[in-house]
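Numbering (our numbering), first residue to last: 151 to 490.
Each residue gets a CB set at the ideal place from its N, CA and C atoms; glycine is no exception.
Inspection log for the structure reproduced underneath, given as structure tokens.
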Amino acid sequence: MKIAMGILAYNEERTIGSTISSLAEQSVLENTNHTISIHVVPNGCRDATAIHGRKALESLKKRHPSVQVEVNELTEGGKANAWNHFVHEFSPADAEGLLLLDADIHFGEPECLERVVQTLMESPAAVVAVDLPLKDIALKKKPSVRERLSVNASHLQVTGTPKIAGSLYFVRADALRSFWMPLGLLVEDGFVKAMLLTDSFRHPERAEGIVRAPEATHYFKAVTGLKDWFSHERRLLNGTALNILLFSNIQQLVRDGEDPNWVIQENNKRDPFWVVGLAKAHRATLPGGFEFMGEPLRKLTRLPTQRKFAFLPSALLRTGLNIAVFLACQSDFKLGRLDW
151 MKIAMGILAY NEERTIGSTI SSLAEQSVLE NTNHTISIHV VPNGCRDATA IHGRKALESL
211 KKRHPSVQVE VNELTEGGKA NAWNHFVHEF SPADAEGLLL LDADIHFGEP ECLERVVQTL
271 MESPAAVVAV DLPLKDIALK KKPSVRERLS VNASHLQVTG TPKIAGSLYF VRADALRSFW
331 MPLGLLVEDG FVKAMLLTDS FRHPERAEGI VRAPEATHYF KAVTGLKDWF SHERRLLNGT
391 ALNILLFSNI QQLVRDGEDP NWVIQENNKR DPFWVVGLAK AHRATLPGGF EFMGEPLRKL
451 TRLPTQRKFA FLPSALLRTG LNIAVFLACQ SDFKLGRLDW
């Protein structure tokens with residue numbers, strides 16, 4: 151299989167080297183059945199991300215000479231913009247699979263990516279494969295009470311059907327190239343999942359379109375401190391609400407017989423902040439807000455009875471915090487305060 155890996159990076163000079171070093175340990179790079187290219191895409195960086203990324207790729211290339219590597223630097227910031235460039239421009243036109251990675255992760259097993267790729271290849275009904283994302287504090291031998299609660303909350307996140315984590319997912323190239331991402335999008339993983347599993351809302355969501363690779367994990371940096379956590383969750387909820395408005399807009403375009411991806415491209419060219427206009431024009435309650443507040447308790451109900459009591463404190467605490475986040479986001483949305 152011909153695979154293109156895109157590492158999208160914004161001001162990651164301190165982490166991109168270790169991420170690429172971890173990538174160099176992956177067995178998939180040694181599999182002669184694959185032809186692989188790696189593209190680091192620094193976007194709008196104000197630090198030496200591109201320099202550190204290039205050095206790390208040079209080191210990886212010495213170990214894996216058959217792997218093609220390059221840095222595709224963009225002056226414009228924004229993950230959606232970097233995503234569009236990688237998917238539609240930087241990745242080789244004949245690539246069969248596209249792997250999206252963040253620049254601040256490391257892998258749990260040397261076989262992680264091999265298992266993700268293999269799982270998708272063995273699942274003809276699926277268009278995207280994921281692994282299990284875990285917070286890095288899960289590796290600590292003596293986590294604090296707050297850290298244990300955070301890890302427990304992350305385990306609640308993986309109950310139920312698989313989700314796409316923006317930090318790592320592998321997609322059939324033709325499926326990913328069938329749409330463009332709106333500039334200014336805050337939460338790209340939910341948008342990508344919805345567009346992939348509904349063919350840009352041309353049919354109902356197909357749960358079988360996404361699969362999780364067994365025994366494949368990656369670790370991402372946990373947000374520490376209440377202030378940083380609150381800001382992170384605020385961004386996620388605002389992003390989810392914005393996605394809901396976009397989905398409604400796209401569904402209407404489909405009903406009207408228009409091509410939503412042509413409209414997205416044209417809107418991106420016309421106004422890079424057009425999605426903010428959707429938020430400011432929305433006068434009702436924050437889309438998805440009530441679901442967000444009740445989500446921890448709903449996830450608790452999916453756990454086996456013997457585990458419900460162990461996770462109850464985490465679920466109750468998270469519910470209270472979610473209510474506070476919701477109130478802040480309700481104000482953000484009305485003011486169009488969506489610049490992160």
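DSSP three-state assignment for residue i, whether helix, strand or coil
i      : result
ARG322 : strand
GLY486 : coil
ALA478 : helix
HIS256 : strand
GLN176 : coil
GLY407 : coil
PHE370 : strand
ASN417 : helix
MET155 : strand
ASP286 : helix
ASN181 : coil
Chain-order list of residues whose beta-carbon lies under 6 angstroms from that of residue i (same chain, five-residue window excluded)
i      : result
TRP330 : ASN234, ASN411, ILE414, GLN415
GLY439 : PHE476
VAL342 : ILE314
Same chain, Cβ closer than 7 angstroms to residue i, neighbours up to 5 away in sequence not counted
i      : result
ASP147 : The question about residue 147 has no answer, for the chain in this structure spans 151 to 490.
HIS432 : LEU395, PHE483
ASN181 : GLU264
SER168 : HIS256
LEU386 : VAL337
Alpha-carbon to alpha-carbon, residue j and residue i
i      : j      : result
GLU226 : GLY194 : 5 angstroms
GLU441 : ARG448 : 9 angstroms
VAL404 : ILE170 : 40 angstroms
ALA325 : PHE236 : 14 angstroms
LEU346 : LYS212 : 36 angstroms
MET151 : ILE157 : 19 angstroms
LEU228 : THR455 : Residue identity check: residue 228 is Gly in the sequence provided, not Leu. So the two alpha carbons sit approximately 43 angstroms from each other.
LEU467 : LEU210 : 43 angstroms
PRO437 : VAL267 : 35 angstroms
THR185 : THR469 : 46 angstroms
ILE201 : ASP244 : 28 angstroms
SER216 : MET155 : 14 angstroms
LEU462 : HIS382 : 23 angstroms
ALA206 : ARG487 : 37 angstroms
ASN231 : VAL191 : 10 angstroms
ARG126 : THR311 : A question about residue 126 goes unanswered here, because the residues of the chain that appear run from 151 up to 490.
Contact with chain B by residue i, beta-carbon distance below 8 angstroms
i      : result
LEU270 : Protein chain content of the structure displayed is limited to a single chain, and chain B is not contained in it.
Whole-number beta carbon distance between residue j and residue i, since they are thought to touch under 8 angstroms
i      : j      : result
ARG362 : GLY247 : Rounded, the Cβ-Cβ distance is 16 angstroms, inconsistent with contact.
GLY334 : PHE423 : 6 angstroms
Local Cβ density within 10 Å of residue i, reported as buried at 16 or more and exposed below that
i      : result
ASP378 : exposed
LEU485 : exposed
ARG384 : buried
ARG376 : It is worth fixing the name first, because residue 376 is Leu in this sequence and not Arg. LEU376 comes out exposed.
LYS285 : buried
ASP406 : exposed
ALA357 : exposed
HIS353 : exposed
ASP281 : buried
GLU338 : buried
Contacts around residue i, its chain only, beta-carbon distance under 8 angstroms, and the 5 residues preceding and following it disregarded
i      : result
THR165 : ALA253, ASP254, LYS371
GLU365 : GLU259, GLU261, ARG265
GLN480 : THR435, LEU436, GLY439
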